[in-house]
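Visitor: Letter by letter, the sequence shown follows residues 1 to 364 in the UniProt record's numbering.
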Amino acid sequence: MSQQIDFCILGAGLAGLSLADALREQDIETMVIDKEAVAAGASGTPGGLVNLATGRRATKVWQAEQCYEAITQNLARVQAVTEQPFYQKSGLLRPALLEKMARKMRDRYEHTSWPDGWCQWKSENEIKEMHPGIQCIDGGLWLPIGLSVDVGAYLKAYAHFLRTLGVTILTGKQPEVTPAEQGWQLAFDDSTVYAKNIVYATGGSTTESPYWDWLPLHYIKGQVALFSTGGRPLSFSHSISSLGYMAQTGKPNTFVQGSTYEHNFDHINPDKEGEEYLRQRMRRTLPQLEEEVETVGQWAGVRTSTPNRKPILGRHPEHHGLHVFTGLGSKGLLYSKFLARHYADHLTSGTALIPEIDIARIAE
Numbered sequence: 001m002s003q004q005i006d007f008c009i010l011g012a013g014l015a016g017l018s019l020a021d022a023l024r025e026q027d028i029e030t031m032v033i034d035k036e037a038v039a040a041g042a043s044g045t046p047g048g049l050v051n052l053a054t055g056r057r058a059t060k061v062w063q064a065e066q067c068y069e070a071i072t073q074n075l076a077r078v079q080a081v082t083e084q085p086f087y088q089k090s091g092l093l094r095p096a097l098l099e100k101m102a103r104k105m106r107d108r109y110e111h112t113s114w115p116d117g118w119c120q121w122k123s124e125n126e127i128k129e130m131h132p133g134i135q136c137i138d139g140g141l142w143l144p145i146g147l148s149v150d151v152g153a154y155l156k157a158y159a160h161f162l163r164t165l166g167v168t169i170l171t172g173k174q175p176e177v178t179p180a181e182q183g184w185q186l187a188f189d190d191s192t193v194y195a196k197n198i199v200y201a202t203g204g205s206t207t208e209s210p211y212w213d214w215l216p217l218h219y220i221k222g223q224v225a226l227f228s229t230g231g232r233p234l235s236f237s238h239s240i241s242s243l244g245y246m247a248q249t250g251k252p253n254t255f256v257q258g259s260t261y262e263h264n265f266d267h268i269n270p271d272k273e274g275e276e277y278l279r280q281r282m283r284r285t286l287p288q289l290e291e292e293v294e295t296v297g298q299w300a301g302v303r304t305s306t307p308n309r310k311p312i313l314g315r316h317p318e319h320h321g322l323h324v325f326t327g328l329g330s331k332g333l334l335y336s337k338f339l340a341r342h343y344a345d346h347l348t349s350g351t352a353l354i355p356e357i358d359i360a361r362i363a364e
């Protein structure tokens, strides 16, 4: 049995599902294939943040307004057809832990144009009033628009939603990809798919393909842990970004602590060292809380990063009909929907790609 299709997307994570949806909106027939399951890779973290101020200086993220609008609209759209809640507008607190950090954060804040209501500077006393017991020196940032998301649950709901809209999503399949007369052949054990175009949205396994082994991707292992206060409810309802992050889960007594940034690793499983690292980070920010919580779960995934810390999108420089969408790093949740629409517009209308993410910056 064989099938013809316009676009086949390899990878059912944030990039793959978002692009499939964006192409569907352009009336392009699309199929998604994943060698494991929906959200099986780094996109499947049980807790993540939509954080618009990142890094040590709390720098406003690239294309913040467009990215935030795109992901908030899509989260609401998918949540509307899903019974189980997977995100909340919890707000995000970013306390400074050192005087030098506070100076740099405040300087960056004062020299950044933020939309009304997105970001506020709070004094040390104001932050400690918002969150008694938190470690803070000289103030920090409060982002009322910050979101906490169970990314794995979101993607599973998203995949279900896309299937109801007619998008074919196959999991547990790893086809052999070879050139065909008018595109590409994807051979399965019992069938063959002929696609005019293939998009590699395979995250941590992108360079395993001989077509993409030249990309300058760097792989970073990240671990998160789920902590519980037992029968006691949490004393705060916001999320926190400080030496990692603490993301609300929507449950009154649990939160997700993340993430490790392991540049050298010999396995991709969660481990005791990762849990202790996360506890140390929590201890620096909320020492009393760390003493009280128990670990009730762990998760690990491998993210892709690039030299300029921006994603890579575009056509293969030599092979017609071959595309890549990778390198989203720790901002995959925030970037995915905006970039998927941007690339779909590029493919259908010929609009230029933003230079910072265009594969041409590498292929030249």
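For every residue, glycine included, the Cβ atom is placed at its ideal position computed from N, Cα and C.
From the DSSP secondary-structure annotation, give me the bridge partner or partners of residue 421.
Guide: Limits of the chain in this structure are 1 at one end and 364 at the other, which puts residue 421 out of reach.
Visitor: From which residue to which residue does the beta strand (DSSP E) around K122 run?
Guide: 120-122
Visitor: Excluding the 5 residues flanking Y194 on each side, which residues of the same chain have their C-beta closer than 8 Å to its C-beta?
Guide: S2, Q3, Q4, I5, A180, Q182, G183, W184, Q185, L186
Visitor: Measuring alpha carbon to alpha carbon, tell me which of S242, P317, T285, E262 ends up nearest T274.
Guide: Per the sequence presented here, residue 274 reads as Gly, with Thr not at that position. The shortest Cα separation from G274 among S242, P317, T285, E262 belongs to E262.
Visitor: Which residues bound the alpha helix (DSSP H) around A360?
Guide: 360-363
Visitor: Output the distance between the C-alpha atoms of F338 and E29, rounded to the nearest integer angstrom.
Guide: 20 Å
Visitor: How should N74 be labelled, buried or exposed, when 16 other C-beta atoms within 10 angstroms of its C-beta is the threshold for buried?
Guide: Taking all protein chains in view, the Cβ of N74 is crowded by 16 or more other Cβ atoms within 10 Å, so the residue is classified as buried.
Visitor: Buried or exposed for G98, please, with buried defined as at least 16 other CB atoms from any protein chain shown within 10 angstroms of its CB.
Guide: Checking the sequence, you will find Leu at residue 98 rather than Gly. Classification of L98: exposed, given that the 10 Å Cβ count is below 16.
Visitor: Please report how far the alpha carbon of H160 lies from the alpha carbon of S18, in whole angstroms.
Guide: Each residue's Cα considered, the two are about 13 Å apart.
Visitor: If we count Cβ pairs, one from each stretch, closer than 8 Å, do we get three or more for the region 289-301 versus the region 157-172?
Guide: no
Visitor: Could you give the residue range of the alpha helix (DSSP H) that holds H267?
Guide: Unbroken run through H267: none, as it is neither H nor E.
Visitor: Secondary structure at Y109, three-state DSSP: helix, strand or coil?
Guide: helix
Visitor: Take the Cβ of L165 as the centre, count every other Cβ of all protein chains shown within 10 Å, and call the residue buried at 16 or more, exposed below.
Guide: exposed
Visitor: Please report the distance separating the alpha-carbon of T112 from that of L333.
Guide: When rounded, the separation of the alpha-carbon atoms in T112 and L333 is 23 Å.
Visitor: Can you find the residues in the same chain that come closer than 6 Å, C-beta to C-beta, to V81, ignoring five residues on each side of it along the sequence?
Guide: F161
Visitor: Does R284 pass the burial test, meaning 16 or more other C-beta atoms within 10 Å, or should it be called exposed?
Guide: exposed
Visitor: Buried or exposed: which applies to S235, given that a residue is buried once 16 or more other Cβ atoms fall within 10 Å of its Cβ?
Guide: exposed
Visitor: Given 8 Å as the limit, is there contact between the region 225-239 and the region 86-103, that is, 3 or more CB pairs closer than that?
Guide: The region 225-239, when compared against the region 86-103, does touch it at the 8 Å Cβ threshold.
Visitor: Can you tell me where the beta strand (DSSP E) holding residue 365 begins and where it ends?
Guide: Examination of residue 365 is not possible in this model, given that the chain is present from 1 through 364 alone.
Visitor: Ignore the nearest five residues each way along the sequence and tell me which others in Q84's own chain have a CB closer than 7 Å to its CB.
Guide: Excluding sequence neighbours, Q84 sits near A153.
Visitor: Bridge partners of D34, per DSSP?
Guide: T171
Visitor: In three-state terms, what does DSSP make of R232?
Guide: coil
Visitor: Going by DSSP, which residues form a beta bridge with Y219?
Guide: T304
Visitor: For I354, which three-state DSSP category applies?
Guide: It is coil, neither helix nor strand.
Visitor: Going by C-alpha distance, which of W142, L49, Q26, L353 is nearest K122?
Guide: W142
Visitor: Return the bridge partner residues of R94 from the DSSP annotation.
Guide: L141
Visitor: Thinking G47 and A247 are a contact (beta carbons under 8 Å), I'd like their distance in whole angstroms, please.
Guide: The pair is a contact, with the Cβ atoms about 4 Å apart (cut-off 8 Å).
Visitor: Alpha carbon to alpha carbon, how far is I312 from Q288?
Guide: Inter-residue distance for I312 and Q288 is about 42 Å (C-alpha atoms, whole angstroms).
Visitor: Quick one: what does DSSP say R163 is sitting in, helix, strand or coil?
Guide: helix
Visitor: Which residues share a DSSP beta bridge with Y200?
Guide: Listed as beta-bridge partners of Y200 by DSSP are L10, V324.
Visitor: Using only the alpha-carbon positions, how far apart do Q257 and Y335 sit?
Guide: 21 Å
Visitor: Just to check my reading of the structure: L215 and T202 have Cβ atoms closer than 8 Å, yes? What is that Cβ distance to the nearest angstrom?
Guide: 11 Å between Cβ atoms; not a contact.
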